[in-house]
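Here's the structure, in structure tokens; my notes come after.
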Amino acid sequence: MQEYAWSPDVPDVPDLSAEWYLDLAGLGAASPEPLRAFVAFATEAVLGVFAVLFVVLWWRARSGGVAVMARAVLAPVVTVLAYAVSETVKGLWEQDRPCRVLGDVATAVACPELGDWSFPSNHATIAGAAAVAVLWSSRALGGFAAGVAVLAAASRVVAGVHYPHDVLAGLLLGAVVAASLPVAARILAPAVSRLRGTTAGGALLGHGPWEHDGPTVVPPRAGSERPMPTARAMALWAGTALPVVLAALTTRPGRLAPWEAAGYLVVLAVAVLVVRRRPAGALVLITAAWQVGFLSRAESDSALGLLTLAQGLVALGFLAGRHAAAPQRGVVVLVVAMAGAVVGALVATGGADTVLATLAGTALFAVVPWSVGRYRRRFAELVRAGWDRAEWLEREAEQARMRERTRLAAEMHDLVGHELARAALRVGALEVAPTLPAEHRDAARAARSGVTAAAERLADVVRLLRAELDEPVETVAEVVERARRSGLRAELAGDVDEAPADPVIARTVHRVVTEAITNAVKHAPGAAVTVRLARSAGGLDLVVRNGPAAEPPRDVVGGGNGLVGLAERVTLVGGRFAAEPRADGGFEVTAHLPARAVTAAAPALVTRERRRRVERQVRHSARRTVLLTLGVSAGIVVSALGYRVFDAATSVLAPADYARLRLGQPESEVAAVLPVHTRVDAPGGVPPAPPRSSCRYYSTHPNPFDGRRDDLYRLCFRDGRLVDKALLVRDP
């Protein structure tokens with residue numbers, strides 16, 4: 113038996129990640145000394161930038177709402193929590209730093225000591241959590257924080273202390289933990305509100321906005337089904353297309369062919385264009401494209417296949433959940449995608465590891481972002497419900513003011529009418545007094561006529577103010593017929609014979625027609641009157657036209673406010689009014705009235721029950737999002753660990769069986785004692801195999817987590833016989 117000591121170049125590390133590490137770390141090490149010193153300083157100082165951002169958030173939140181302050185307080189808390197989770201994962205994974213595994217690689221900073229593990233990157237986890245926490249609290253600062261987070265993660269690779277996949281996993285882990293910030297803020301908000309009521313709490317947390325207690329929000333724009341603005345769509349496409357372009361330009365053997373890259377770019381463009389109007393269709397396109405890209409390189413370059421469309425899947429998955437009116441189609445698409453992941457992986461490779469990887473990628477890159485998008489939609493609906501309720505309260509207040517003004521006007525008219533009636537009686541007594549001269553009795557008679565006319569006018573106004581909407585009202589035809597019976601030359605035209613369905617509109621039409629006919633009788637005696645009522649787009653067109661007077665008008669008593677009152681009444685119900693002389697000496701009154709009165713139409717009221725229902729939906733959506741995210745993360749970790757245990761346990765070649773194997777033994781006899789699976793297919797850094805032989809590698813023991821987990825038995829066959837057997841022991 114031969115025993116070799118072997119030291120793989122990058123054990124348990126994706127080839128693409130190792131290649132990028134060597135390139136970026138070499139770039140950092142080859143930089144001038146001042147630049148290396150700056151990188152060493154910046155990779156640590158960047159954490160202080162997030163501390164400053166947290167202070168800025170807190171200071172700005174002191175004048176903001178309760179929810180804003182709760183998020184500002186919890187931002188550093190979730191960041192610390194993300195760091196704790198990262199440390200836990202490090203202890204479980206125990207992956208050596210690249211600067212220790214690859215000892216001949218120069219780094220810009222000193223390599224951490226043994227036990228300070230590499231996967232995932234703590235710095236990247238902190239940066240990812242802090243950036244997402246800042247983004248939840250302030251969009252203005254969130255973009256800056258995201259840029260700082262990317263630079264912080266990249267600096268750890270350039271410094272030579274982390275693989276690229278370490279920092280990518282750290283950013284993702286931090287973002288997932290920070291995704292729970294809105295839910296935690298809602299739980300903390302009541303406590304923040306109570307603390308703001310105390311002296312110390314008010315000094316520390318501020319007192320919020322002067323006018324209201326709550327986050328300052330902008331009313332959401334309606335019509336999310338509209339196409340995405342061109343500039344935003346191009347920016348989204350460019351961001352999601354960048355990894356595709358890089359995958360086509362890399363020197364790796366698994367790089368994308370030009371036609372593959374072009375196809376993916378077209379798929380991304382179509383998905384971006386339709387994601388608002390057809391979110392389910394966009395989700396189908398991008399999910400299928402990601403699965404095809406990953407499975408086509410599952411054996412040759414899985415890391416490249418995993419990451420090429422991952423960014424596009426995350427972004428478009430979120431938008432698909434955000435813009436879907438109902439979740440049913442999205443759920444169906446995702447369930448079919450998970451089933452398709454299993455079937456596709458079995459067809460492509462037939463390996464359980466490929467099935468688990470495809471399922472994990474679909475869940476992490478599609479299901480979780482879609483669920484977060486659903487939560488954001490529910491939150492937007494809650495904000496919209498609040499603005500609807502605010503508008504309804506404003507309308508209610510305005511209507512209450514109008515009702516009070518009407519009541520006061522009615523009371524005033526009642527009192528004035530009563531006094532006018534008494535004045536008419538007293539003047540009437542003077543009119544018949546025998547002691548007064550004739551000229552004084554004539555003056556009293558004229559005064560009584562004026563007072564009586566004014567009292568009748570007031571009575572008409574009071575009847576109008578007190579009229580109930582359910583009282584029957586004359587149709588226009590009945591008004592015109594009554595005018596004819598009184599001797600007026602009146603004519604009815606148009607295509608509307610019956611009263612409008614809305615009682616307010618019917619009464620307004622009646623009022624305009626009667627007032628216009630009355631004015632024609634008073635100011636144009638003997639003139640013909642034409643009334644025209646016709647349907648138009650969105651309502652009714654009413655025209656009352658009279659010709660020039662056939663005889664001089666008699667002296668009439670009036671206040672001159674009839675047309676002004678009509679204009680106010682028509683405007684109040686949402687119509688338009690005009691009254692003007694005609695060129696032939698006549699007069700014309702026109703009014704356009706809506707089919708339903710604005711003040712009488714049933715508004716989209718946001719009741720307290722509806723608000724509570726929307727709030728419950730938001731809370732449930734938030735819980736589902738957090739639980740789904742945690743479940744997917746836990747499922748991935750458990751599945752990966754479980755598969756690692758399964759893979760090691762089913763590939764163990766017992767030491768006794770290994771010892772009994774003889775060189776030259778037929779392969780069929782050797783196969784009888786071999787386990788079901790091999791441990792790895794082609795590990796790097798092993799001694800050369802005999803010429804023209806094919807080798808298999810098996811585990812030496814079933815525990816994949818101890819210090820000798822990478823020790824292997826190697827059996828090499830040529831022409832159907834065992835030609836070499838060796839124990840490969842990894843150097844510590």
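Note that the working numbering numbers the sequence shown so that position 443 is 555, with each residue one more than the last.
Glycine residues also receive a C-beta, built at the ideal position from the N, C-alpha and C atoms.
Just so it is clear, the structure is predicted and the values come from calculations on it, not from any experiment.
- Considering only Glu700, Arg833 and Tyr770, the residue with the shortest C-alpha distance to Arg804 is Arg833.
- Contact check for Thr474 against Leu431 fails: the beta carbons are separated by 9 Å or more.
- About 5 Å separates the beta carbon of Phe477 from that of Val426, a gap short enough to meet the 8 Å contact definition.
- In the structure shown, Phe231 adopts coil according to DSSP, grouped into three states.
- C-alpha of His235 to C-alpha of Ala261: approximately 9 Å in a straight line.
- A Cβ-Cβ contact shorter than 9 Å links Val782 with Leu827.
- One Cα belongs to Phe829, the other to Ala768, and the distance between them is close to 20 Å.
- Counting of Cβ neighbours within 10 angstroms places Asp607 among the exposed residues, the total staying below 16.
- Using a 10 angstroms sphere on the CB of Val289, the tally of other CB atoms reaches 16 or more, which defines it as buried.
- The DSSP assignment places 615-635 as complete runs of the alpha helix (DSSP H) inside the segment 611-651, in order along the chain (cut-off: 4 residues).
- Judged by beta-carbon spacing, Leu840 lies within the 9 Å limit of Pro799, meaning their Cβ atoms are closer than that value.
- In this structure, Val269 lies away from Phe231, with their beta-carbon atoms at least 9 Å apart.
- Rounded to whole angstroms, the separation of the alpha carbons of Thr470 and Val750 is 15 Å.
- Straight through space, the alpha carbons of Gly686 and Ser483 are spaced by roughly 43 Å.
- CA-to-CA, the gap between Ala312 and Ser249 works out to about 23 Å.
- Ser780 sits exposed, since fewer than 16 C-beta atoms from the chains shown fall within 10 Å of its C-beta.
- For Tyr825, the three-state secondary structure derived from DSSP is strand.
- Taking C-beta separations shorter than 8 Å and ignoring five residues to either side along the sequence, the partners of Arg298 in its chain run Ala179, Ala182, Arg731 and Ala734, following chain order.
- For His704, the enclosing beta strand (DSSP E) has its first and last residue at Phe699 to Pro706.
- The beta carbons of Val701 and Leu684 sit no closer together than 9 Å.
- The shortest C-alpha to C-alpha distance from Val356 to any of Met346, Gly375, Ala347 and Thr342 is the one to Gly375.
- Taking a cut-off of 8 Å for Cβ pairs, the segment 386-396 and the segment 452-465 do not touch, as fewer than three such pairs fall below it.
- Annotated three-state conformation of Pro814 is coil, per DSSP.
- Residue ranges of uninterrupted alpha helix (DSSP H) with 4 or more members, entirely inside the segment 217-302 and ordered along the chain, are 234-249, 251-270 and 276-290.
- Non-local beta-carbon contacts of Ile617 in its own chain, meaning distances under 6 Å to residues more than five positions away in sequence, involve Leu705 and Ala709 in chain order.
- In this model, Arg308 and Ala296 are separated by some 18 Å (Cα to Cα).
- Distances from the CA of Leu186 to each of Asp208, Ser198, Glu206 and Ala163 were compared; the closest alpha carbon is that of Ala163.
- Residue burial is scored here from C-beta neighbours: Ser598 has fewer than 16 other C-beta atoms within 10 angstroms and is therefore classed as exposed.
- With a cutoff of 9 Å on beta-carbon distance, Ala636 and Gly659 are scored as near each other.
- If you look at Pro693, you'll find it isn't in any alpha helix (DSSP H); it sits in the beta strand (DSSP E) that goes Arg688 to Pro693.
- Taking 9 Å as the cut-off, the Cβ atoms of Trp402 and Gly424 count as close.
- Around the C-beta of Gly697, fewer than 16 other C-beta atoms lie within 10 Å, and the residue is accordingly described as exposed.
- Taking the CA atoms as reference points, Asp831 sits about 43 Å from Leu421.
- Considering only Asp228, Val382, Ala281 and Gly177, the residue with the shortest C-alpha distance to Ala241 is Ala281.
- In this structure, Trp132 is the residue among His622, Trp132, Pro814 and Ala679 with its C-alpha nearest to the C-alpha of Pro276.
- Within the same chain, Ala760, Ser763, Val764 and Arg791 come within 6 Å of Ser811 by CB-CB distance, once the 5 residues on both sides are set aside.
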